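One structure is given here, and the rest of the page talks about it.
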Amino acid sequence: MTEFSPKNILVTGGCGFIGSNFVHYVVNTHPDVHITVLDALTYAGNIENIKGLPEDRVTFMHGNICDADLLDRLVPGHDAIVHYAAESHNDNSIANPAPFLETNVDGTFKLLQAARKYDVRYHHISTDEVYGDLALDDPHRFTEETPYNPSSPYSSTKASSDLLVRAWHRTFGVKATISNCSNNYGPYQHVEKFIPRQITNILEGQRPKLYGDGLNVRDWIHTDDHSSAVWTILTKGVIGETYLIGADGERNNITVLKSILRAMGQPEDAFELVKDRPGHDRRYAIDSTKLRTQLGWHPQHTDFAEGLEQTINWYTDNRQWWEAAKAKTEKRYQGQGQ
Ligand code: NAD
Ligand code: TDX
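The opening position of the sequence shown corresponds to residue 1 in full-length UniProt numbering, with each subsequent residue numbered one higher.
Set out below in structure tokens:
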């Protein structure tokens, strides 16, 4: 197998949670690679996430992936696009779906057109949510063969974008791969998401908020393992293929919350049950056999208790990073009864 060795990568959404962790990962592990970050700095993007990285390794471009003229200026000269930029939060997609259609569908369309026009390798970051959900007692997990069945405005726009990628590969020969990953956790995750919301609630003296009965299951993976998987697929993946990324981390929400409470010295029952999310997916579970056996990837950060403790320490030590966003986010949740 000949490996692809990109030297000049365009990373969209590189100021968000997972994108910025990928930028750090590449800077730390591949000294011969230059990265251009294209990010619109929405409420979820923060330039602080890539601050301090060497200027000769990382260039920042403030802009929107829906801007085709900007892509015409930016894409030539890059040998790969890794597309993370998205509206990423299910609850927001229920409150206001429009930006999800624009960024996730139209933005992906614009990037695919640019990848096609300039013949640039394209890797598409997607989610396990495109497959819908599983029952708690279902013995199966999602595989690359599972039919698409998204539930929310967010996941349906991600599913749409995946289908565009498949069509642009088949019809126009775009050199594309797709990865669908499970729930990530780690540093730089926006406080609207489950784990950071609960940690920062406790740090602010508020009780954590659990949706519904708290028995919904998510398949947790450390964001550094997501980064190594994406790098593996970008460099060794077969063009036109989809790879599922997961680290066998299934846990229900109440178990995760009790682990956070224990680790932060709180009683295990110090939380509130709040209104459930409409259409709330019950369980996600990834079978990542294809990625492991065909490309030789394995997760390294599978000690969840240790990863959680590091994440708690990061939010404890970086209050200035999240305090402003926290106030706005909780106001929004309050309006939704959550
Ligand atoms: P995030 O919301 O933290 O970051 C998104 C980033 O994209 C932000 O920096 C934002 O400013 C930028 N952005 C948004 N709209 C843009 C636009 N129109 N043009 C340019 N930049 C724009 O998201 P995340 O959690 O880091 O997710 C990144 C990607 O990974 C998404 O594609 C998401 O669907 C996927 N994903 C996320 C998870 C998860 O657990 N969070 C799991 C699987 C896949
Ligand atoms: O306050 C909360 N209380 C709660 O019980 C929040 C914010 C969430 N939850 C529940 C809902 C989910 O069952 O926790 C679980 C995780 O919720 P989110 O962090 O919102 O993640 P989820 O909806 O599972 O989607 C995430 O993983 C897949 C990312 O946000 C997506 O971008 C990714 O595609």
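Quick reminder that beta carbons are idealized off the backbone N, C-alpha and C, glycines included.
Since this is a predicted model, take the numbers as computed values, not measurements.
Identified DSSP bridge partners for residue i
| i | result |
| --- | --- |
| His301 | Its beta-bridge partners do not exist; DSSP assigns none. |
| Tyr122 | Ile81, Ala176 |
| Val58 | Ile35 |
| Cys181 | Thr127, Ile245 |
| Phe271 | Answer is none; Phe271 lacks a bridge partner. |
| Val11 | Val37, Val82 |
| Asn252 | Val217 |
| Tyr211 | Val274 |
| Arg283 | Val217 |
| His222 | Tyr185 |
| Phe142 | Ile286 |
Reference residue i; option with closest CA among the options
| i | options | result |
| --- | --- | --- |
| His34 | Gly14, Pro6, Arg218 | Pro6 |
| Glu144 | Gly16, Tyr84, Gly246 | Gly246 |
| residue 339 | Gly249, Lys158, Thr157, Lys236 | With the chain running from 1 to 338 in the structure shown, residue 339 is simply not present. |
| Asp79 | Leu308, Leu234, Ile312, Ile18 | Leu234 |
| Ser227 | Asp119, Thr2, Asp72, Asn28 | Asn28 |
| Tyr43 | Pro99, Arg170, Gln310 | Pro99 |
| Gln320 | Ala270, Leu203, Leu295 | Leu203 |
| Asn253 | Arg282, Asp225, Ile239 | Arg282 |
| Asp225 | His298, Met264, Gln206, His190 | His298 |
| His171 | Asp287, Ile65, Gly240, Ile312 | In the sequence under discussion, the amino acid at residue 171 is Thr, which differs from the His named in the question. When each option's Cα is compared against that of Thr171, the closest is Gly240. |
| Leu70 | Thr311, Val58, Gly107, Ile312 | Gly107 |
| Pro76 | Arg292, Asp119, Asn64 | Asp119 |
| Leu38 | Pro54, Ile9, Tyr25, Val26 | Ile9 |
| Val274 | Asp213, Glu268, Phe22 | Asp213 |
| Val11 | Glu102, Ala229, Ala324, Tyr84 | Tyr84 |
| Val82 | Lys117, Tyr122, Ser182 | Tyr122 |
| Tyr211 | Val105, Glu272, Trp231 | Glu272 |
| Thr311 | Phe4, Thr146, Tyr185 | Tyr185 |
| Asp137 | Phe17, Glu250, Ala324, Phe4 | Glu250 |
| Asp133 | Ile18, Val23, Asn64, Ala285 | Ala285 |
| Gln338 | Phe194, Gly52, His24 | Phe194 |
| Glu102 | Arg73, Asn64, Leu74, Arg116 | Asn64 |
| Lys117 | Arg57, Val105, His169, Phe17 | His169 |
| Gln206 | His30, Leu53, Gly52, Ala327 | Ala327 |
| Asp219 | Asp248, Gly265, Phe17 | Asp248 |
| Val23 | Phe4, Thr2, Arg57, Leu41 | Arg57 |
| Val238 | Leu215, Ala68, Lys290 | Lys290 |
| Tyr333 | Leu74, Phe142, Thr146, Pro208 | Pro208 |
| Tyr17 | Asp72, Thr223, Asp317 | It is Phe, not Tyr, that sits at residue 17 in the sequence shown. Checked all of Asp72, Thr223, Asp317; the closest Cα to Phe17 is Thr223. |
Contact set for residue i: own chain, Cβ-Cβ below 6 Å, skip 5 residues either direction
| i | result |
| --- | --- |
| Glu192 | His89, Thr329 |
| Gly242 | Position check: residue 242 holds Thr in this sequence, whereas Gly was assumed. The residues are Glu144, Ile178. |
| Tyr148 | Val130, Ala159 |
| Pro153 | Ser93, Pro97, Phe100 |
| Cys181 | His226, Ile245 |
| Thr232 | Leu295, Trp297 |
| Ala68 | Lys110 |
| Phe4 | Thr235 |
Nonlocal neighbours in the same chain, by C-beta distance under 7 Å from residue i, ignoring five residues either side
| i | result |
| --- | --- |
| residue 367 | Residue 367 is absent from the model: the chain starts at 1 and stops at 338. |
| Asn46 | Cys15 |
| Asp32 | Lys7 |
| Tyr315 | Pro196, Ile199, Thr200, Leu203, Trp322 |
| residue 352 | Residue 352 cannot be examined here, being either before or after the span of the chain that is shown, 1 to 338. |
| Ala325 | His190, Val191 |
Own chain residues within Cβ distance below 8 Å of residue i, not counting five before or after
| i | result |
| --- | --- |
| residue 361 | The chain is shown only over 1 to 338; residue 361 falls outside these bounds and no answer can be derived. |
| Ala135 | Arg282, Arg283 |
| Thr59 | His34, Ile35, Thr36, Val37 |
| Leu53 | Val23, His24, Val27 |
Cβ of residue i within 8 Å of any chain B Cβ
| i | result |
| --- | --- |
| Asp119 | Looking at the structure shown, chain B is missing, and only one protein chain is on hand. |
### Query
If you pair each beta-carbon of the segment 101-118 with each one of the segment 161-170, do three or more pairs fall below 8 Å?
yes
### Task
Please confirm if the segment 293-312 is in contact with the segment 251-262, defined as three or more CB-CB distances below 8 Å between the two stretches.
Per the Cβ contact rule, the segment 293-312 is in contact with the segment 251-262 (3 or more Cβ pairs under 8 Å).
#### Entry: At least 3 beta-carbon pairs within less than 8 Å: the segment 80-94 vs the segment 266-279
yes
### the segment 150-163 in contact with the segment 118-129 per 3-pair CB rule at 8 Å
yes
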